[in-house]
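Residue numbers for the sequence shown follow full-length UniProt numbering, so the first one is 1 and each next one is one higher.
Only one structure is covered here, and it is reproduced in the block below.
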Amino acid sequence: LNRKIIFEKQWLYLDSVIGQLYGTSFEVAAGGTLQAPKQNPEKNPKGTKEAGMDNRNIVDDGRSQKLTRDDIETLKEQGLKGQEIVQQLIENSSTFRDKTEFAQEKYIKKKKKKYDNTITVLKPSARILALMYHGREPGKICYLRYDTLAQMLTLGNIHAGSKIIVFDTCAGLVLGAVMERMGGYGSVIQMYPGGEPVRAATDSFGFPEHFYKTLHEFPLCKVNSLLDGTLCLDEDQKEAVSTVDESNGTTSNAPQDSVQKTEEEVEGKGDSAQAAPEEDSMEVTSELPKDKEKEERAARRENKAHVVYILQAQEKKVKQEEKRKKHKEAAALLQERNADGLVIASRFHPTPLVLSLLKFVAPSRPFVIYCQHKEPLIECHTKLRERGGVISLRLSETWLRHYQVLPNRTHPMLLMSGGGGYILSGMTVAMDTATSSGPQQTEEPAPKRQKLQDTET
């Protein structure tokens with residue numbers, strides 16, 4: 001296979017990983033190859049349990065470590081592994097024995113992370129991918145945190161056998177999380193902007209083939225025509241096919257015309273050569289074969305280019321046909337208007353999206369909307385209350401803080417995420433046909449009339 005990837009600024013070969021179980025650890029050897037670690041029991045890297053009472057006399061001036069960077073590189077060249085390098089650092093540290101036991105464990109953990117070349121292969125999941133994207137490229141997933149994603153799946157009541165409409169611009173992370181929760185049962189309809197759906201994170205889940213059979217796609221630009229009943233996918237396909245056929249017809253005769261022109265030019269050159277004087281006949285005959293070869297090569301190139309163009313046009317036609325079938329299947333599911341839930345997480349303003357897509361959701365079904373900022377959701381909350389047809393509207397902000405849980409040192413972590421976005425959730429209800437045509441206007445109650453007492457005596 002010889003597959004090569006880059007991980008943590010280091011090139012690795014994954015040949016030895018194939019066929020192994022998830023959770024297996026490998027050591028990075030020279031050249032980027034992965035080797036299974038030895039089964040020898042790990043020794044205590046500290047070598048001794050001597051520890052100081054406190055760290056008040058320890059000064060971090062950079063002189064406590066006797067090994068230099070060059071010495072560490074020399075140890076690596078000699079073949080020492082990460083655990084052995086950590087042991088050498090401990091032995092050459094003049095302040096290690098004076099540190100407290102907790103400080104020693106923290107020092108060892110820090111050095112192991114830096115010098116231990118051990119890689120563990122994990123099975124991809126929604127939590128792992130959300131952590132990876134949020135830590136590396138949070139802008140691609142609209143700064144969606146993994147705890148916020150978990151709340152969205154819970155509030156949206158995502159389960160196997162349901163029909164869910166998903167619209168996300170988070171590289172397909174929300175879509176993949178919904179498919180993972182459903183387990184390949186039910187149907188997922190992905191609404192997407194632009195020409196093609198983005199599923200970079202969805203493909204990273206490694207779903208089997210039958211998961212993708214439950215996935216349908218429909219462009220967002222055709223939602224209004226679907227609601228109005230003016231959508232016609234067959235006519236669009238006929239127009240696309242006719243344009244492809246016309247382009248094939250106009251260019252199919254081009255190589256033949258060029259070949260005929262070259263033959264006529266060669267014949268003309270042959271006639272002129274016969275009428276030339278005998279002195280120049282040898283030079284002309286020597287040049288004719290070279291011209292013929294050039295013209296034949298040019299004709300072959302044109303014929304080859306034409307064949308490639310026809311194959312590309314046929315491939316494009318097949319892709320358009322498959323795309324039309326997918327859109328037709330998704331449109332049939334949407335026209336039933338009995339979806340079991342709606343999940344939205346995008347960088348676009350949510351109000352027009354929600355007002356359009358809620359029409360495909362059945363009554364008594366949940367919907368969840370995520371946005372990085374609260375102002376768009378506040379406006380969406382107001383529009384939904386004016387429109388009606390929804391209850392239990394709730395706008396919440398997700399908040400997460402990690403805690404260190406260790407003996408005698410349990411405390412909240414100092415560093416935490418500043419914000420995980422905002423979630424607007426609610427439940428759909430059946431709307432009255434008389435009031436569903438326009439927004440509901442809240443009228444103020446009429447002022448009460450004061451009772452006039454009879455003053456007649």
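Cβ coordinates follow ideal geometry from the N, Cα and C atoms, glycine included.
The structure presented is a predicted model; accordingly, all values stated were derived computationally and were not measured.
Endpoints, alpha helix (DSSP H) assigned at residue 211: Within the sequence shown, residue 211 is the residue found at index 211, counting from 1. Counting along the chain, the alpha helix (DSSP H) containing residue 211 begins and ends at 209-212.
Within the segment 139-183, ranges of the beta strand (DSSP E) (whole runs, at least 3 residues): 163-168
Residue 59 (DSSP reduced to helix, strand or coil): Here residue 59 refers to the residue found at position 59 of the sequence shown. Reduced to three states, the DSSP call for residue 59 is coil.
Limits of the alpha helix (DSSP H) - the one that residue 371 falls within: Working through the sequence shown from its first residue, we reach residue 371 at position 371. First-last for residue 371: 366-371, but that is the beta strand (DSSP E), not the alpha helix (DSSP H).
Chain-order list of residues whose beta-carbon lies under 6 angstroms from that of residue 395 (same chain, five-residue window excluded): Within the sequence shown, the letter at position 395 stands for residue 395. Closer than 6 angstroms at the Cβ level, and outside the excluded window around residue 395, lie 377, 381, 424.
Exposure label - residue 145; buried when at least 16 CB within 10 Å: As a position in the sequence shown, residue 145 is number 145, starting the count at 1. The residue in question, residue 145, is buried, as its Cβ has 16 or more Cβ neighbours within 10 Å.
CA-to-CA distance, residue 36 to residue 321, given in whole angstroms: Along the sequence shown, one-based indexing puts residue 321 at 321. Along the sequence shown, one-based indexing puts residue 36 at 36. Answer to the nearest angstrom: the Cα atoms are 48 angstroms apart.
Exposed unless 16 or more other CB atoms sit within 10 angstroms - verdict on residue 428: Start at 1 with the first residue of the sequence shown, and residue 428 comes out as number 428. Buried, because 16 or more other Cβ atoms sit within 10 Å of the Cβ of residue 428.
Straight-line gap, residue 309 to residue 298 (C-alpha atoms, nearest Å): For the purposes of this step, residue 309 is identified with residue 309 of the sequence shown, where counting begins at 1. For the purposes of this step, residue 298 is identified with residue 298 of the sequence shown, where counting begins at 1. Going by the C-alpha atoms only, they are around 16 angstroms apart.
N- and C-terminal bounds of the alpha helix (DSSP H) containing residue 77: If you number the sequence shown from 1, residue 77 lands on position 77. 69-77 is the span of the alpha helix (DSSP H), which, as asked, contains residue 77.
DSSP beta-bridge partners of residue 11: Working through the sequence shown from its first residue, we reach residue 11 at position 11. Answer is 6, bridged to residue 11.
Rounded separation between residue 468 and residue 102 - CA only: Residue 468 is absent from the structure shown; the chain starts at 1 and stops at 457.
Contact between the segment 155-166 and the segment 176-188 (3+ Cβ pairs under 8 angstroms): yes
Backbone CA spacing between residue 20 and residue 110 [nearest angstrom]: Residue mapping note: residue 20 aligns to position 20 of the sequence shown, counting from 1. Residue mapping note: residue 110 aligns to position 110 of the sequence shown, counting from 1. Cα-Cα distance, rounded: 29 angstroms.
Proximity test, residue 136 beta-carbon vs the ligand GDP heavy atom, cut-off 7 angstroms: You won't find the ligand GDP in this model; it holds no ligand whatsoever.
Option nearest residue 346 by Cα separation, candidates 367, 372, 356, 332: Translated into the one-based positions of the sequence shown, residue 346 becomes position 346. Nearest option by C-alpha distance: 372.
Segment contact, 8 angstroms Cβ cut-off, at least three pairs: the segment 169-180 with the segment 200-220: yes
Residue closest to residue 474, alpha-carbon to alpha-carbon, out of 357, 352, 408, 295: Outside the modelled stretch of the chain, which goes from 1 to 457, sits residue 474, for which no answer is possible.
Residue from 89, 342, 11, 58 with nearest C-alpha to residue 155: Against the sequence shown, residue 155 aligns to sequence position 155. Closest by alpha carbon: 342.
Alpha-carbon spacing of residue 12 relative to residue 293, whole angstroms: The residue given as residue 12 occupies position 12 in the sequence shown. The residue given as residue 293 occupies position 293 in the sequence shown. Approximately 50 angstroms, taken between the alpha carbons.
Burial state of residue 6, where buried means 16 or more other Cβ atoms lie within 10 Å: Here residue 6 refers to the residue found at position 6 when the sequence shown is read from its first residue. Per the 10 Å Cβ criterion, exposed.
Buried versus exposed, by CB contacts within 10 Å (16 or more), residue 330: Sequence index remark: in the sequence shown, residue 330 carries index 330 (1-based). Burial call: buried.
Alpha helix (DSSP H) segment containing residue 190, residue limits: Taking the first residue of the sequence shown as 1, we reach residue 190 at position 190. Segment 187-192 is the beta strand (DSSP E) holding residue 190; no alpha helix (DSSP H) there.
Whole-angstrom distance between residue 370 and residue 143, CA atom to CA atom: For the purposes of this step, residue 143 is taken as the residue at position 143 of the sequence shown. For the purposes of this step, residue 370 is taken as the residue at position 370 of the sequence shown. Computed Cα separation, rounded: 10 angstroms.
Assigned secondary structure, residue 22 (DSSP; H/G/I helix, E/B strand, else coil): One-based indexing of the sequence shown puts residue 22 at position 22. Residue 22 falls in the coil class under three-state DSSP.
Cβ-based burial, residue 200 [other Cβ within 10 Å; buried from 16]: Residue 200 sits at position 200 when you count from the first residue of the sequence shown. Result: exposed.
Endpoints, the alpha helix (DSSP H) within which residue 129 is located: Numbered from 1 along the sequence shown, position 129 holds the residue referred to as residue 129. That run of the alpha helix (DSSP H) goes 126-136.
Residue 426 - containing beta strand (DSSP E), residue span: Counting from one through the sequence shown, the residue named residue 426 turns up at place 426. Segment 422-428, the beta strand (DSSP E) holding residue 426.
Cβ pair count under 8 angstroms reaching 3, the segment 61-71 against the segment 88-102: yes
Residue closest to residue 393, alpha-carbon to alpha-carbon, out of 127, 227, 411, 367: On the sequence shown, position 393 is the one that residue 393 refers to. Closest by alpha carbon: 367.
Spatial neighbours of residue 334 in its chain, beta-carbon cut-off 7 angstroms, leaving aside the 5 residues before and after: In the sequence shown, counting from the first residue as 1, residue 334 sits at position 334. Counting only Cβ-Cβ distances below 7 angstroms, and skipping sequence neighbours, we find 189, 218, 226, 360.
Residues that DSSP places opposite residue 394 in a beta bridge: Taking the sequence shown and counting its residues from 1, one reaches residue 394 at position 394. DSSP lists 425 as partners of residue 394.
Residue 243 versus residue 305 - alpha carbon distance: Walking along the sequence shown from the start, residue 243 turns up at place 243. Walking along the sequence shown from the start, residue 305 turns up at place 305. Its pLDDT being 44, under 50, residue 243 is placed unreliably by the model, and nothing is read from it.
Helix, strand or coil at residue 105 according to DSSP, with G and I counted as helix: As a working mapping, residue 105 is identified with position 105 in the sequence shown. DSSP places residue 105 in helix when its eight states are reduced to three.
Residues of its chain near residue 33, where Cβ-Cβ distance is below 6 angstroms and the 5 sequence neighbours each way are ignored: The residue given as residue 33 occupies position 33 in the sequence shown. Within the same chain, residue 33 has close Cβ partners 13.
Integer-rounded CB distance, given that residue 24 should sit under 8 angstroms from residue 82: In the sequence shown, counting from the first residue as 1, residue 82 sits at position 82. In the sequence shown, counting from the first residue as 1, residue 24 sits at position 24. Not really, about 17 angstroms apart at Cβ, beyond 8 angstroms.
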